[in-house]
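Q: So the sequence shown is residues 0 to 364, counted in numbering that gives the first Met the number 0.
We put the beta carbon where it would ideally sit given N, CA and C, even for glycine.
Nothing here was measured: the structure is a model prediction, and the numbers come from that model.
Have a look at this one.
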Amino acid sequence: MRIFHVHKWVAKMVLKRTLVIVLYVTSMFIFGFILKYSDVLSDFLYSLSPIDTRQEFDYIVVGGGSAGSVIANRLARNAQDRVLVLEAGKNTMGLLHIPSVGLLLQGTPFDWSYKTVPQQNACLALNNNVSVWPMGKVLGGTSMLNNMLYVRGHEEDFKEWFKGKEDYSYDDVMAYYKKLEVFGTPKEKGFNIPKANLHNGKRWTSTDQLKKNTNSNLLIRTNCFVNKVIINVGFEAQGVEYSYLGKKNSAYAKKAVILSAGVIGTPKILMLSGIGRKHHLDDLKIHTVVDLPVGDNLQDHVTTGFDLVLLNNSLSLSLERIVSPFSALEYFFKGSGPWSSTGLVMKNLKYIATYCLCLLLSWKC
0 MRIFHVHKWV AKMVLKRTLV IVLYVTSMFI FGFILKYSDV LSDFLYSLSP IDTRQEFDYI
60 VVGGGSAGSV IANRLARNAQ DRVLVLEAGK NTMGLLHIPS VGLLLQGTPF DWSYKTVPQQ
120 NACLALNNNV SVWPMGKVLG GTSMLNNMLY VRGHEEDFKE WFKGKEDYSY DDVMAYYKKL
180 EVFGTPKEKG FNIPKANLHN GKRWTSTDQL KKNTNSNLLI RTNCFVNKVI INVGFEAQGV
240 EYSYLGKKNS AYAKKAVILS AGVIGTPKIL MLSGIGRKHH LDDLKIHTVV DLPVGDNLQD
300 HVTTGFDLVL LNNSLSLSLE RIVSPFSALE YFFKGSGPWS STGLVMKNLK YIATYCLCLL
360 LSWKC
């Protein structure tokens, strides 16, 4: 009798695991299908809809990511100024606002899918010493792909960046941090609980606030890839040249062109516009307008990880919970559950790396 019960229990477990795997594979297939063919569907729908043919604006903001959205939203508060936002990626859809989906967007049409060249003194544990740099190619930028965690930058980093620049200071930055944050005790070393940018269980970005702006003086154009800045003989930016579904267009700004296309996109646009190292532009047969060290000193974050060993407990999200229909209902009706997870199993964030660097560089920490 006991053997029969054991066999019955094993059969139930096998059936349960098989069902979970089938649900997971099916959901991944559906999700992959949507991501793959939303690109084609979006292009088709955009080709049917007429683009606003206005060419002259007061401000042109290139890039509808985290920073560009904030800048455009602020500029549009003045009803007298016409503001154009040009985003190379596509508009967001509801599926992208599910927090746990973010990491799955890497390597899809919503990601620029950048990779570094092989490194000599870094990325030694990675394949061919190459690091993958996911960056959002969508309205909202990389804030649509990341883990939504918010951490205030270290004071000494800002001081190092602003060294020798009288127009900038850490105190100026702090004023904006305080406008962003609610009351909380900042900790630059030790353990701290990270904050996540969610609203009612959904991914929240600065672009969500931008899209709420219904002012007629604000125009957002997606699927618009900016090729270069149009510069006049007086070395002033007049506008931009961009491609929309393969067709070249131009837009002009009476007051300013603001490049906010990301750490890779902005230097690229500048160099394609003739602003960069002359010897490098000469190699690419680009006429040099201004010889400047554009693109130099690019650095990525220095990070490391550590493992936690837990006995008889788990902090991870089980596959069974993720694919459960009840998790979907919990998310859509309550804004909670595994689907509202940031995708990182993290209870605390350790600021040990910057602190150690402070000691090594004799900073006051």
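In the DSSP assignment, find the alpha helix (DSSP H) that holds residue 177 and state where it starts and stops.
A: Start and end: 169-179.
Q: Compare the Cα-Cα distances from residue 264 to each of 201, 176 and 61 and report the closest residue.
A: For the residues 201, 176 and 61, the minimum Cα distance to residue 264 belongs to 61.
Q: Run through DSSP, which three-state label would residue 151 get?
A: Residue state, collapsed to three classes: coil.
Q: Does the stretch 201-211 come close enough to the stretch 89-108 to have 3 or more Cβ pairs within less than 8 Å?
A: The stretch 201-211 is in contact with the stretch 89-108.
Q: Please list, in chain order, all residues of the same chain as residue 132 whose beta carbon is under 6 Å from its beta carbon, the five residues on each side excluded.
A: Cβ neighbours of residue 132 beyond the five flanking positions: 113.
Q: So, helix, strand or coil for residue 240, using DSSP?
A: Correct three-state label for residue 240: strand.
Q: Within this structure, are the beta carbons of residue 75 and residue 84 separated by less than 7 Å?
A: No, Cβ-Cβ distance for residue 75 and residue 84 is not below 7 Å.
Q: Along the chain, where does the alpha helix (DSSP H) that runs through residue 207 open and close?
A: Segment 205-211, the alpha helix (DSSP H) holding residue 207.
Q: Using CA atoms only, rank isn't needed, just tell me which of 272, 284 and 300 is closest to residue 291.
A: For the residues 272, 284 and 300, the minimum Cα distance to residue 291 belongs to 272.
Q: Going by Cα to Cα distance, which pick from 220, 339 and 152 is closest to residue 249?
A: Ranking the options by Cα distance to residue 249, first place goes to 220.
Q: Quick one: grab the DSSP three-state call for residue 250.
A: The answer is strand: DSSP assigns residue 250 an E or B state.
Q: Between the stretch 233-240 and the stretch 93-103, do three or more beta carbon pairs fall short of 8 Å?
A: These segments do not touch.
Q: For residue 325, which residues from the same chain have a beta carbon less than 7 Å from its beta carbon, with the 5 sequence-adjacent residues on both sides left out?
A: Nothing listed; no residue qualifies.
Q: Just to confirm before moving on: does the CB-CB distance between residue 81 and residue 216 stay below 7 Å?
A: Cβ distance < 7 Å, so residue 81 and residue 216 count as in contact.
Q: Between the Cα of residue 54 and those of 252, 141, 331 and 261, spot the shortest distance and give me the residue it belongs to.
A: Of the listed residues, the one whose Cα sits closest to residue 54 is 252.
Q: Label residue 260 either buried or exposed according to how many other C-beta atoms from any shown protein chain fall within 10 Å of its C-beta, with 16 as the threshold for buried.
A: Burial call: buried.
Q: Using the C-alpha atoms, what's the distance from residue 266 back to residue 297?
A: Cα to Cα, residue 297 sits roughly 10 Å from residue 266.
Q: Roughly how many angstroms separate the alpha carbons of residue 334 and residue 194, rounded to a whole number?
A: Rounded to the nearest angstrom, the two C-alpha atoms are 17 Å apart.
Q: Kindly indicate the opening and closing residues of the beta strand (DSSP E) around residue 235.
A: Where residue 235 is concerned, there is no enclosing beta strand (DSSP E), given that its DSSP letter is neither H nor E.
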